[in-house]
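Colleague: Residue numbers (the working numbering), protein chains in the order written: chain F, 21 to 271; chain U, 213 to 714.
Glycine included, C-beta positions come from ideal geometry on N, C-alpha and C.
(1) Counting only Cβ pairs nearer than 9 Å, list the residues of chain F close to residue 222 of chain U.
(2) Starting from residue 195 of chain F, trace the beta strand (DSSP E) in both directions and tell me its first and last residue.
(3) Name, in chain order, the residues that DSSP records as bridge partners for residue 476 of chain U.
(4) What is the rounded straight-line gap between the Cα of residue 494 of chain U and the Cα of residue 165 of chain F?
(5) So, is the C-beta of residue 435 of chain U closer than 8 Å to a C-beta in chain F?
(6) Looking at the structure shown, is residue 375 of chain U part of a helix, part of a strand, or coil, going by DSSP?
(7) Against residue 121 of chain F, what residues of chain U qualify as contacts under a CB-to-CB distance less than 7 Å, listed in chain order?
(8) Return no unless some Cβ of chain U is closer than 8 Å to the Cβ of residue 114 of chain F.
(9) What does residue 46 of chain F reach in chain U if we use C-beta pairs closer than 8 Å?
(10) Please check if any C-beta of chain U sits within less than 8 Å of the C-beta of residue 42 of chain F.
(11) With 16 other CB atoms within 10 Å as the buried threshold, where does residue 372 of chain U fall?
(12) According to the Cβ coordinates, are residue 317 of chain U and residue 323 of chain U closer than 8 Å?
(13) Spatial neighbours of residue 651 of chain U within its chain, please: C-beta separation below 7 Å, excluding the five flanking residues on both sides.
(14) For residue 118 of chain F, count neighbouring C-beta atoms within 10 Å of its own C-beta (all shown protein chains included) and say buried if the count is 16 or more, exposed if not.
(15) Could you tell me whether the Cβ atoms of residue 660 of chain U and residue 600 of chain U are closer together than 8 Å?
(16) Residues in its own chain within less than 6 Å of residue 115 of chain F by CB, not counting five upstream and five downstream?
(17) Select from the segment 215 to 240 of chain F all residues with a C-beta closer than 8 Å to any C-beta belonging to chain U, and list them in chain order.
(18) Would you tell me roughly how many angstroms separate the C-alpha atoms of residue 713 of chain U and residue 220 of chain U, rounded to the nearest one?
(19) As a quick exercise: from U/419, U/563, U/497, pick the residue whose alpha carbon is nearest that of residue 509 of chain U.
(20) Can residue 86 of chain F and residue 33 of chain F be called in contact, C-beta distance under 8 Å?
(21) Around the Cβ of residue 214 of chain U, are there at least 16 other Cβ atoms within 10 angstroms (buried) or fewer (exposed)?
(22) Taking 8 Å as the threshold (beta carbon to beta carbon), is residue 227 of chain U in contact with chain F?
(23) How would you write the range of the alpha helix (DSSP H) that residue 289 of chain U sits in, first residue to last?
(24) Among F/254, F/206, F/95, whose alpha-carbon lies nearest the alpha-carbon of residue 313 of chain U?
(25) State the Cα-Cα distance for the pair residue 696 of chain U and residue 438 of chain U, rounded to the nearest angstrom.
(26) Anything in chain U within Cβ reach of residue 184 of chain F, meaning under 9 Å, just list it in chain order.
(27) The beta strand (DSSP E) that contains residue 86 of chain F, what's its start and end?
(28) Name the chain A residues whose beta carbon is nearer than 8 Å to that of residue 346 of chain U?
(29) Can you name, in chain order, every residue of its own chain whose Cβ lies under 8 Å from the Cβ of residue 566 of chain U, other than the five neighbours on each side?
(30) Taking residue 360 of chain U and residue 315 of chain U to be in contact with their CB atoms under 8 Å, please state how far apart those CB atoms are, rounded to whole angstroms.
(31) Of all the beta strand (DSSP E) runs that stay within the bounds of the segment 387 to 467 of chain U, which reach a length of 3 or more residues?
(32) Just how far apart, CA to CA, sit residue 621 of chain U and residue 693 of chain U?
(33) Name, please, each residue of chain U whose Cβ falls closer than 8 Å to the Cβ of residue 205 of chain F.
(34) Secondary structure at residue 43 of chain F, three-state DSSP: helix, strand or coil?
(35) Using C-beta distances below 6 Å, list every residue in its chain close to residue 529 of chain U, excluding the 5 sequence neighbours before and after it, in chain order.
(36) What does DSSP give as the partner residues of residue 505 of chain U in its beta bridges?
This is how it looks when you write it as structure tokens:
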């Protein structure tokens with residue numbers, strides 16, 4: 021399988037839990053799939069159909085800390101701006117919010133669309149990941165032919181929820197899987213396993229139906245104990261082996 | 213029967229749904245009926261409008277926000293109308309919008325005269341923005357669309373939480389049985405506290421008597437013990453706790469009492485805790501946990517008694533439980549502290565870890581618990597664990613057989629790697645000179661301590677601590693340690709690597 025491999029690095033990033041809005045903004049420790057979709061579309065310069073896109077990633081950061089932000093909390097308004105004839109559209113007040121930030125994030129993103137290489141070499145919009153001020157740089161854009169192997173290791177990645185029964189480590193989190201921009205940004209959620217520490221396929225709890233399963237590995241990744249970095253691909257829409265999920269299925 | 217509800221993965225909704233299910237006396241939320249929803253709604257309508265829940269709910273839904281606000285005390289019809297809107301909106305769908313939680317049609321009911329139909333705000337769902345605030349919503353559409361069932365579950369949510377440090381502690385897991393058990397446990401306590409407060413004429417819900425993290429671990433251990441006794445399935449799952457307040461008085465910049473803290477217990481930790489509930493480990497673990505409770509200081513006790521306050525002597529914080537949340541990152545330090553009993557530099561006198569002692573608490577040093585920790589939390593492979601254990605056994609047998617106090621003291625006090633290595637080589641040579649086979653051969657030595665020839669492993673200090681744990685346990689069981697207590701000087705709390713070490 022040939023994929024596009026993009027290495028992106030930044031100084032800060034933050035992926036807010038969508039339903040925690042007031043006062044504090046904790047962050048997911050991995051970019052949610054919906055964020056990855058937005059990032060891809062930003063590079064391409066258009067909303068591409070999400071069907072058929074598959075992605076995997078390796079995401080690290082050096083530290084996590086809290087920052088204080090002043091957020092302008094806005095409400096719709098009417099009338100004129102003082103001393104002018106300009107209509108007043110919104111008004112609000114400045115509020116201190118505490119936001120958790122990931123320092124020195126690095127994303128290695130694999131997409132099953134090698135034909136998008138030129139778009140990532142010359143991205144349409146500013147390269148950001150997380151908030152609009154979280155500027156990123158693509159330090160490498162290349163195509164790579166993945167290798168299928170029964171032996172791999174997984175680390176610093178998002179695993180599909182079904183693997184919670186196998187990994188024996190990590191924690192489960194509900195993340196936005198896709199925002200339907202064509203329909204008022206309706207969100208769809210799914211559960212994933214946040215996997216920081218390395219797990220080798222030989223350590224995975226084996227279930228009958230999974231014996232002999234093979235994984236995609238990156239042949240350019242460091243080799244440890246005879247294994248290389250395994251990639252767990254996700255989709256934005258369509259079937260997902262996790263019910264129930266918030267707001268039902270999409271696709 | 214029509215299936216009304218199922219878990220969604222969202223913590224507030226799921227805890228609320230578990231609460232509705234508990235209240236209905238059922239276990240499976242898919243068996244909850246409209247009659248059960250009505251029953252929950254009636255309870256909330258009655259109890260949320262009076263003390264002590266009336267005051268308590270400011271934590272979850274802000275004060276003066278909806279049907280329980282004081283302005284409605286003299287307007288019972290209006291209060292009933294608002295309660296009906298919020299609690300009984302199910303069956304009145306608005307097909308244009310979908311509930312963000314359940315994916316069903318949002319309710320067509322507006323939660324107040326000023327609000328658009330089916331839209332919920334901070335007074336209905338904790339930690340959302342208030343009415344009219346457009347930040348964080350698409351296209352300026354404020355609030356979240358919810359179904360009637362979801363609105364009710366979210367109102368039931370605080371009943372399934374513990375009141376802890378002036379905030380709510382909600383516990384959620386991808387294993388819905390655990391979410392249910394926590395909600396049931398906390399509701400049992402809340403219902404009793406509510407009745408006691410009403411009988412006493414008090415307007416306050418009592419606080420949980422433990423800190424949030426301690427309460428979480430203590431409750432989880434109790435739940436796992438019960439689940440084990442009931443022979444229930446233990447599948448790998450993680451637990452996440454949300455310690456929150458939605459009160460308008462909360463200050464996001466208050467580090468000591470922030471509006472929201474999230475605690476994760478990853479799968480490796482819950483797997484460890486599940487095992488600890490088994491009879492095989494319970495006694496050893498309880499003995500270690502027992503010595504981690506914050507100490508009651510006599511000076512403070514006297515002051516409270518002098519002030520005429522009823523004294524609560526129950527411990528509130530267990531340092532072992534709280535330090536579990538630092539894992540697996542801090543595993544080496546955790547092992548050193550709790551399994552090897554190395555005392556800590558502590559800031560306060562009531563921290564029992566300052567009094568830990570290898571000499572006086574050798575009976576607490578347990579390879580069995582350490583072995584479980586290595587397997588479940590650190591995922592160390594069995595072969596390496598076996599090598600470390602065997603080395604500990606061999607060294608203990610040597611010390612006991614030769615009564616070699618000098619070697620024991622040197623190994624125990626070895627500060628850096630070269631010192632440790634030389635100590636072992638010297639003992640090995642002496643052992644061979646006495647006509648014995650080598651005490652330790654090259655291969656196991658390298659496997660345990662070295663990454664390459666004469667290059668120590670990054671976790672060499674941890675390996676040394678583990679060998680010591682096994683060695684001390686064996687020597688204690690053989691009675692050698694009891695006779696040679698004077699050989700044991702307390703190890704220092706040297707969290708920072710010393711010069712030349714590592």
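Modeller: On the basis of the data shown:
(1) 39, 194, 209, 266
(2) 191 to 200
(3) Beta-bridge pairing links residue 476 of chain U to U/452.
(4) 51 Å
(5) Residue 435 of chain U does not count as touching chain F.
(6) Strand at residue 375 of chain U.
(7) Chain U residues near residue 121 of chain F: none, gap ~15 Å exceeds 7 Å.
(8) no
(9) 472, 474
(10) Closer than 8 Å: yes.
(11) buried
(12) no
(13) In the same chain as residue 651 of chain U, and ignoring 5 residues on each side of it, the C-beta atoms closer than 7 Å to its own belong to 606, 610, 639, 640, 643, in chain order.
(14) buried
(15) yes
(16) 91, 93.
(17) 217, 219, 223, 225
(18) Note that residue 713 of chain U has pLDDT 34, beneath the 50 cutoff, so the model's placement of it is unreliable and the number below is only indicative. Rounded to whole angstroms, residue 713 of chain U to residue 220 of chain U spans 51 Å at the Cα level.
(19) U/563
(20) no
(21) Residue confidence is low: residue 214 of chain U scores 47 on pLDDT, short of 50, so the model does not pin down where it sits. Its coordinate-derived value is still stated next. Label assigned to residue 214 of chain U: exposed.
(22) no
(23) 288 to 299
(24) Residue 313 of chain U has its Cα closest to that of F/206, out of F/254, F/206, F/95.
(25) Between residue 696 of chain U and residue 438 of chain U, the alpha-carbon positions lie close to 42 Å from each other.
(26) 386, 447, 448, 449, 450, 479
(27) Unbroken beta strand (DSSP E) run through residue 86 of chain F: 83 to 96.
(28) The structure shown has no chain A; the protein chains it does contain are F and U.
(29) 555, 556, 557, 558
(30) Contact between residue 360 of chain U and residue 315 of chain U fails: their C-beta atoms lie close to 14 Å from each other, not under 8 Å.
(31) 451 to 456
(32) For residue 621 of chain U and residue 693 of chain U, the distance between alpha carbons rounds to 12 Å.
(33) 350, 351
(34) coil
(35) 423, 426, 506
(36) Under DSSP, residue 505 of chain U shares a beta bridge with U/530.
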